[in-house]
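Residue numbers (this note's numbering): 14 to 155. Cβ coordinates follow ideal geometry from the N, Cα and C atoms, glycine included. It should be emphasised that the depicted structure is a prediction, and the values quoted were computed from it without experimental measurement. Data first, discussion second: the structure below is written as structure tokens.
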Amino acid sequence: DEDLCEVLIQGVFRDNTLGPVLHLVCKPGGAVWVERKSGTAGANWGPIEGAAVRYATTTAPDGRWRGEAAIPWNLIGNEKTLPVLLRFNFCQNRRANCVSASWAGPVDFGREERFMGVLYLRTPPEVGLNQDDGGRLSISAR
14 DEDLCEVLIQ
24 GVFRDNTLGP
34 VLHLVCKPGG
44 AVWVERKSGT
54 AGANWGPIEG
64 AAVRYATTTA
74 PDGRWRGEAA
84 IPWNLIGNEK
94 TLPVLLRFNF
104 CQNRRANCVS
114 ASWAGPVDFG
124 REERFMGVLY
134 LRTPPEVGLN
144 QDDGGRLSIS
154 AR
């Protein structure tokens, strides 16, 4: 009975192999749910117990909320081989009007892999503001 923000991520590596599909569900109250599906066809989703995803959120008096999640690279691939592309989708579900949206348009489920786009990853020219991110992918939503 809350708004939801869902993130779907899958690493694509230099040799075109795919990592597992990662699904994050974030709530304005601070709760985060993490689950993963292996790369095999017809695989089931399973929770990742003890996933070290950092998540912080704030809620404005008018009910709007913002959140930021820091996802360890080892949940997307592994720390020695980082992906060069990320298949990615971001979805929001608003409880007040039962509207959902993603960057691919309206979707019924945040785990819909067919609507994932692609993000190209590159090494930044200099260290950003969050210097102690511990090797994590940071996603910010507003």
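Just so you know, the alpha carbons of D16 and N57 end up roughly 25 Å apart. Ranked by Cα distance from V47, the first of G76, G123 and D28 is G123.
Taken through DSSP and simplified to helix, strand or coil, W116 comes out as coil. Per DSSP, reduced to three states, the secondary structure at F103 is strand. In the structure shown, I89 falls within a helical segment according to DSSP collapsed to helix, strand and coil.
The alpha-carbon of N106 is positioned some 22 Å away from that of I61. When only Cα atoms are considered, G90 and A73 end up about 35 Å apart.
Looking at A69, F101 and D75, the one whose alpha-carbon comes closest to that of A109 is D75. If you draw a straight line from the Cα of H36 to the Cα of T70, it is about 18 Å long. For the pair C39 and A82, the CB atoms are nearer than the 9 Å cut-off. It is roughly 34 Å from the alpha-carbon of R79 to the alpha-carbon of N29. Beta-bridge annotation (DSSP): G43 is not paired with any residue.
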